[in-house]
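Enquirer:
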Amino acid sequence: MSDDLRTDPSAVGIGTSRRRPDATAKARGEFEFAPDATEPGMLWGATLRSAHPHARLVRVDLNPAKAMPGVHAVLGGWDVPDNRYGAINRDTPVLADEIVNYVGEPIAIVAAEDPEIARRALDAIVVEYDVLDPLVDMMRALEEGHVYRHVDYTHGDPSVVGDVQVEGVYTTPRQDHSYLGLDGGVAKPDGRGGVVITGATQWVHSDRAQVAAALGLPPERVLVINSGIGGSFGGRFVLSWQIHGALLALHTERPVKFLYSREEAFLARYHRHPTRIWVRHHATTDGQIVKIEGKVIHEDGPYSNTNGPGIGNGSTLLQGPYNIPNAHIEGWSVGTNNGMCGSLRGFGVVEPAFASESNMDALARALGMDGAELRRRNAMKEGDTWTFNQLMDSPAPVRELIDVSGQSPLPEPLADDAPGIDLPGGIATPTRPRDVTRATATSSVAKNVCLSEGAPVNSTALVTLRDGAAVIECAAAEVGQGFKTIAEQIVQTTLGISKVTITGSDSGMADGSTTDGQLQTMTSGGAVAMAAATLKERFLKFVSREYGHAVENLDVRDDYVVLTDGTRLMTVSDAGMHLVFQATERFAQRQTYDLEGREPGQPMHVTFNFSATRCTVDVDRELGLVRVVQMDVVQDVGRTVNPAQATGQIAGGLVMGMGLALMEEFPYADGVPTRRTWDDYLVPTMIDAPRIDVTFLEYPEPRIPYGMRGIAELPHVQGPPAVLAALRAATGLPLPSIPATPERVADLHPDAAPTGAPTGPARKRIREDAESARAVPGDPMNDPVSPRKGPWNP
Amino acid sequence: MDDERISLSLRVNGATHRIEDAWYFETLLSVLRYRLGLTGTKQACETGSCGACTVLLDGRPINSCVALAADVDGDVTTIEGYSPADGSLTPLQEALIAAGDVQCGYCLPGMVLAGSAFIEEHPNATEDEVREGMCGNLCRCTAYLGIIEGIREASAR
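Chains A and B are the protein sequences, given in the same order. Using my numbering, read the first sequence as starting at 1 and increasing by one per residue. Using my numbering, read the second sequence as starting at 1001 and increasing by one per residue.
As structure tokens, then:
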């Protein structure tokens, strides 16, 4: 590996691979993650969950559980002051009150002295169900009008017809986040009628508002503290155990710990929505795309949860990173009884990117054109207009990304005596090198960066300087993505000092936005940069006053106050005279607007990022076994703050996308999930790990400090199209569905793929209603966005 | 319920612990984490699938989530016992984090302990040897590139 990717605890500033501040504690096992939280005298919570995908609760008798020794509280839906919650739409019951709508839906909760007693208490609760027919098919849900959100838009002249038309129906599965750190933590009474929740979340302020509303408390009576977060990937945006823990803590007046088992995490938590997407490209015979048509269906579970933005992203990013003058796109988010759905890395964009890139592969075949060349020819560039009528007003170097991705050396040919571990199928594979077909192909993707369609995207940071050392306070969640490291680097570079640390994150601080939509580097990072810049200004004014230099002649470099010609005057520490200098700044991304009904010039998305990948696979076509050999990915990151971390995000995201491409699926049969462990739900292992070559382009993001742009979701979006393009090149099969399991790659069921464009329901029964979208006090999602402020945002 | 409770002894990181009133079916992971407070051993899958709970039993890596505490006979080393007492890092720990692949880090204690046993037996390990020998340890954040690199470096003699 190259030296600039080795982490160094003493590296200073933007552009270095400064080591994560928590790396040593994590390697020594001393870093406290949410499942490690403990309190003296704590009880253990447990949750009774529905065994049926759809049933009326005839009777729920908690008394046998209440009577058990060691059991301190047993609560049902009627014990919840306000029994509906949600991070965006508030239509999810805290505890089911009349009807259960999915297997795993919580019905009752228990607090007991020991986890085993709590589990036994659950067994003692009597639930009588009146079992109803579950709705388990997304197409039936669409036909019957179980629609949460329908979008329908056109661009240019939707009647345009191309000389060449290629269409397909593509499906993507339900994917589990499968972060290693189980959902859990401790809720404890604060002694003043409120509650303190120590756990793991992407957004402490959203959690606080939801917990407080459910408990009937004012927001300030709830404190949400982020402990160590063992991965997230979009999976900790919506609450899991937190309200349950808070209810039990207040009832028992004791701390209550929850810790889901892996099986419970599979059952209880939301997953990436399965989709079925029809797409048709129209092109000229020389490969100019003239129109895209699409119909995108998201299966979005029994409650509307976060799925409005999901289908908004999904229907608009179907276009991909190509300039297409005409379009007609429709999208539906529909409800079924197949478990909760919600955000997962690349929310709403992984699926249409797979569909449209797959159709681009088919279009290239139909045109007799190289896939990379077709993509180059239609590559989006700055100044183009998206089909959803938004100007691409920041860099979009798609053609360059494609070109650069083709410049890395291809992998060595497979040796005749290659061991099993280097072959499709792994260590004990029956495949022999001579059975292997190798192919290489190129794909390219785009993703919106930040939350879209009017969602607030802003963050506040406080920076304090004393004795030459700075401390950052920002509530942005560190889920492993590396925000804390880059925040330190931004302050080091902005202030010109080396000693910088960052504190923890809790809801008592100013709102630090959600760790979602690859937004934190350019949002909380922006706030940190602005606060540091303001702080430096105040500090230099002080130095100017005290030491008699004109402020415009002063600067700070390498921990020294210097004259602008570089002459060192004194250390920052000495210059500060033990005084405390502080600055707080709030950075807000530009206002966005709903897809429908925007005025000209009003953006729907804040900004976008782009990548291209050349992927090489080895395939045993008869056995359907696949090994991804190498991925050469090029991504425009705006500004590389930390090369090691950026590489880690991109390579890790690609492998997660490769998992979705080849193996990850969380299926339901008649409304019941059939995989509940990592022995059934497969995620990539070290055996599956391909060579990955990461290259950055650095076209600065306008309007953002240091030109930084979000990074972390796009690689997951890139994974499935990259792998499938190469697989199609190797097999000649259309492979319209992921995961491309051995059965599919060996083409054992050639007729199984669906065809044809879906039609919308004749009779609409839109399930969205005013009640589900109501705001609660303190909810940052419903805060008005204040005007943007700062030197980078005139 | 009383007939389901047992007392047991465990030798962990050089000390002998007497555990009273444990459930007879409690796992080693559960006793380490919730009775001895050794939370460096991570709970993640409970089926022996991911290696996050790896501890050493007489120097050999085992998945503590599928080991019955009452069955354990030998010296258990957890990440707390493996890590230098002065707060520093072993060469393996340093190599793993220098290679740049720490993100959430939940897999890391298990990686370190499994890796420590692996490098004992595989001096100058090749990339393929690491991929095969360490494939019982899952990481969901990274692409394993730095983990493979770090373990190879630490195996150099």
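Ideal Cβ positions, reconstructed from N, Cα and C, are used throughout, including at glycine.
Run down chain A in chain order and give the residues with a C-beta less than 7 angstroms from the C-beta of S1007 of chain B.
Expert: For the purposes of this step, residue 1007 of chain B is taken as residue 7 along the second sequence, with counting starting at 1. Within chain A, no residue comes near S1007 of chain B; the closest Cβ sits about 16 angstroms away, beyond 7 angstroms.
Enquirer: Where do the ends of the alpha helix (DSSP H) carrying R1152 of chain B lie?
Expert: In the second sequence, residue 1152 of chain B corresponds to position 152, counting from 1. Unbroken alpha helix (DSSP H) run through R1152 of chain B: 1145-1155.
Enquirer: What does the alpha-carbon distance come out to for the pair A583 of chain A and L595 of chain A?
Expert: Here residue 583 of chain A is taken as the residue at index 583 of the first sequence, counted from 1. Here residue 595 of chain A is taken as the residue at index 595 of the first sequence, counted from 1. Roughly 37 angstroms separates the two Cα atoms.
Enquirer: Nearest to D3 of chain A by alpha carbon, out of A:R269, A:P705, A:V655, A:T647?
Expert: Mapped onto the first sequence, residue 3 of chain A falls at position 3. The residue with the shortest Cα to Cα distance from D3 of chain A is A:T647.
Enquirer: Return the Cβ separation of L795 of chain A and L735 of chain A in integer angstroms, given the expectation that the two are a contact with Cβ distance under 8 angstroms.
Expert: Coverage of chain A is limited to positions 1 through 794, which leaves residue 795 of chain A absent and any answer about it impossible.
Enquirer: Measure the Cβ-Cβ separation of P352 of chain A and G314 of chain A and say whether it is below 8 angstroms.
Expert: On the first sequence, position 352 is the one that residue 352 of chain A refers to. On the first sequence, position 314 is the one that residue 314 of chain A refers to. The answer is yes: Cβ separation under 8 angstroms.
Enquirer: Check distances from the C-beta atoms of the stretch 95-118 of chain A to those of chain B and list, in chain order, the residues that come in under 7 angstroms.
Expert: Listed in sequence order: E116.
Enquirer: Given A187 of chain A, which residues of its chain have a CB within under 6 angstroms of its CB, disregarding the five upstream and five downstream residues?
Expert: Your numbering for residue 187 of chain A matches position 187 in the first sequence. Cβ within range, chain order: V195, I197, G245, A246, A249, V256.
Enquirer: Starting from the C-beta of V74 of chain A, find all residues in its chain whose C-beta is less than 6 angstroms away, skip the five residues before and the five after it, and write them out in chain order.
Expert: On the first sequence, position 74 is the one that residue 74 of chain A refers to. So the qualifying residues of the chain are L62, A65, K66, V110.
Enquirer: Measure the CB-CB distance between R49 of chain A and G86 of chain A and report whether it falls below 8 angstroms.
Expert: Against the first sequence, residue 49 of chain A aligns to sequence position 49. Against the first sequence, residue 86 of chain A aligns to sequence position 86. Not closer than 8 angstroms, so no.
Enquirer: In angstroms with no decimal places, state the Cα-to-Cα distance between E768 of chain A and T387 of chain A.
Expert: Residue mapping note: residue 768 of chain A aligns to position 768 of the first sequence, counting from 1. Residue mapping note: residue 387 of chain A aligns to position 387 of the first sequence, counting from 1. The predicted position of E768 of chain A is uncertain, since its pLDDT is 48 and thus under 50; no value can be drawn from it.
Enquirer: What do you get for M522 of chain A, buried or exposed, if any count of 16 or more other CB atoms within 10 angstroms of its CB means buried?
Expert: For the purposes of this step, residue 522 of chain A is identified with residue 522 of the first sequence, where counting begins at 1. With 16 or more other Cβ atoms within 10 Å, it is buried.
Enquirer: List, in chain order, every chain A residue whose beta-carbon is nearer than 8 angstroms to that of L1089 of chain B.
Expert: What you label residue 1089 of chain B is simply residue 89 of the second sequence in a count that begins at 1. Going along chain A in sequence order, the residues near L1089 of chain B (Cβ under 8 angstroms) are T24, A27, R28.
Enquirer: Is the stretch 664-671 of chain A in contact with the stretch 1114-1121 of chain B, if contact means three or more CB pairs nearer than 8 angstroms?
Expert: The answer is no - the stretch 1114-1121 of chain B does not touch the stretch 664-671 of chain A, with fewer than three Cβ pairs under 8 angstroms.
Enquirer: Are L423 of chain A and D618 of chain A closer than 8 angstroms when you measure CB to CB?
Expert: As a first step, residue 423 of chain A is located in the first sequence; it is residue number 423 there, counting from the start. As a first step, residue 618 of chain A is located in the first sequence; it is residue number 618 there, counting from the start. Yes, these two residues count as a Cβ contact at 8 angstroms.
Enquirer: Can you list, in chain order, the residues of its chain with a C-beta nearer than 7 angstroms to that of P796 of chain A? Leave out the 5 residues immediately preceding and following it.
Expert: The question about residue 796 of chain A has no answer here: the residues shown for chain A are numbered 1 through 794.
Enquirer: Quick one: is Q319 of chain A buried, meaning 16 or more other Cβ sit within 10 Å of its Cβ, or exposed?
Expert: Indexing the first sequence from 1 puts residue 319 of chain A at position 319. Label assigned to Q319 of chain A: buried.
Enquirer: Would you say G181 of chain A lies against chain B (beta-carbon separation less than 8 angstroms)?
Expert: Indexing the first sequence from 1 puts residue 181 of chain A at position 181. So yes, G181 of chain A belongs to the interface.
Enquirer: Which residues does DSSP list as the beta-bridge partners of L1068 of chain B?
Expert: The count along the second sequence starts at 1 and reaches residue 1068 of chain B at position 68. Answer is B:T1027.
Enquirer: Check V127 of chain A in the structure and name its three-state DSSP category.
Expert: For the purposes of this step, residue 127 of chain A is identified with residue 127 of the first sequence, where counting begins at 1. Strand at V127 of chain A.
Enquirer: Just verifying my parser: in three-state terms, what is the DSSP assignment at G294 of chain A?
Expert: For this step, residue 294 of chain A is matched to residue 294 along the first sequence. Reduced to three states, the DSSP call for G294 of chain A is strand.
Enquirer: Output the distance between the C-alpha atoms of C341 of chain A and E552 of chain A, rounded to the nearest integer angstrom.
Expert: Your numbering for residue 341 of chain A matches position 341 in the first sequence. Your numbering for residue 552 of chain A matches position 552 in the first sequence. Straight-line Cα distance between these residues: approximately 55 angstroms.
Enquirer: Tell me where the alpha helix (DSSP H) around I421 of chain A begins and ends.
Expert: On the first sequence, residue 421 of chain A is found 421 positions in, with the first residue counted as 1. Unbroken run through I421 of chain A: none, as it is neither H nor E.
Enquirer: Is there at least one Cβ from chain B nearer than 8 angstroms to W678 of chain A's Cβ?
Expert: For the purposes of this step, residue 678 of chain A is taken as residue 678 along the first sequence, with counting starting at 1. Cβ-Cβ to chain B under 8 angstroms: yes for W678 of chain A.
Enquirer: Helix, strand or coil for R438 of chain A, going by three-state DSSP, please let me know.
Expert: For the purposes of this step, residue 438 of chain A is taken as residue 438 along the first sequence, with counting starting at 1. The answer is strand: DSSP assigns R438 of chain A an E or B state.
Enquirer: Counting contacts by CB-CB distance shorter than 8 angstroms, is V1102 of chain B in contact with chain A?
Expert: The residue labelled residue 1102 of chain B in the question sits at position 102 within the second sequence. Yes, V1102 of chain B counts as interfacial toward chain A.
Enquirer: Please go through the same chain and pick out, in chain order, the residues whose beta-carbon is closer than 8 angstroms to the beta-carbon of V136 of chain A, but skip the five residues on each side of it.
Expert: Along the first sequence, one-based indexing puts residue 136 of chain A at 136. Within the same chain, V136 of chain A has close Cβ partners P53, T336, N337, N338, Y668, D670, G671.
Enquirer: So the alpha helix (DSSP H) N63 of chain A belongs to, where does it begin and stop?
Expert: Locating residue 63 of chain A in the first sequence gives position 63, counting from the first residue. Counting along the chain, the alpha helix (DSSP H) containing N63 of chain A begins and ends at 63-66.
Enquirer: Can you find the residues in the same chain that come closer than 6 angstroms, C-beta to C-beta, to M369 of chain A, ignoring five residues on each side of it along the sequence?
Expert: Counting from one through the first sequence, the residue named residue 369 of chain A turns up at place 369. Closer than 6 angstroms at Cβ, skipping near neighbours: G287.
Enquirer: Determine the chain B residues that contact F33 of chain A at a beta-carbon separation under 7 angstroms, and present them in chain order.
Expert: Taking the first residue of the first sequence as 1, we reach residue 33 of chain A at position 33. Under the 7 angstroms cutoff, chain B gives Y1106.
Enquirer: Of all the options B:G1051, B:S1007, B:R1035, which has the alpha carbon lying nearest to the alpha carbon of C1135 of chain B?
Expert: Translated into positions along the second sequence, residue 1135 of chain B becomes position 135. Selected option, being the one with the closest Cα: B:G1051.
Enquirer: Tell me the rounded alpha-carbon separation between T460 of chain A and V471 of chain A.
Expert: Position 460 of the first sequence holds residue 460 of chain A. Position 471 of the first sequence holds residue 471 of chain A. Between T460 of chain A and V471 of chain A, the C-alpha separation is close to 14 angstroms.
Enquirer: So, for T1156 of chain B: in the same chain, excluding its five sequence neighbours on each side, which residues have a beta-carbon less than 7 angstroms away from its beta-carbon?
Expert: In the second sequence, counting from the first residue as 1, residue 1156 of chain B sits at position 156. According to the sequence shown, residue 1156 of chain B is Ala rather than Thr. Within the same chain, A1156 of chain B has close Cβ partners N1124.
Enquirer: Buried or exposed for E698 of chain A, please, with buried defined as at least 16 other CB atoms from any protein chain shown within 10 angstroms of its CB.
Expert: Along the first sequence, read from residue 1 onward, the residue named residue 698 of chain A stands at position 698. When all chains shown are included, E698 of chain A counts as exposed.
Enquirer: Taking the beta strand (DSSP E) that P715 of chain A belongs to, which residues open and close that run?
Expert: By one-based count along the first sequence, residue 715 of chain A stands at place 715. Not the beta strand (DSSP E): P715 of chain A falls in the alpha helix (DSSP H), residues 714-731.
Enquirer: Closer than 9 angstroms, Cβ to any Cβ of chain B: which residues of the stretch 337-356 of chain A, in chain order?
Expert: Under the 9 angstroms Cβ criterion, the stretch 337-356 of chain A contributes no residue.
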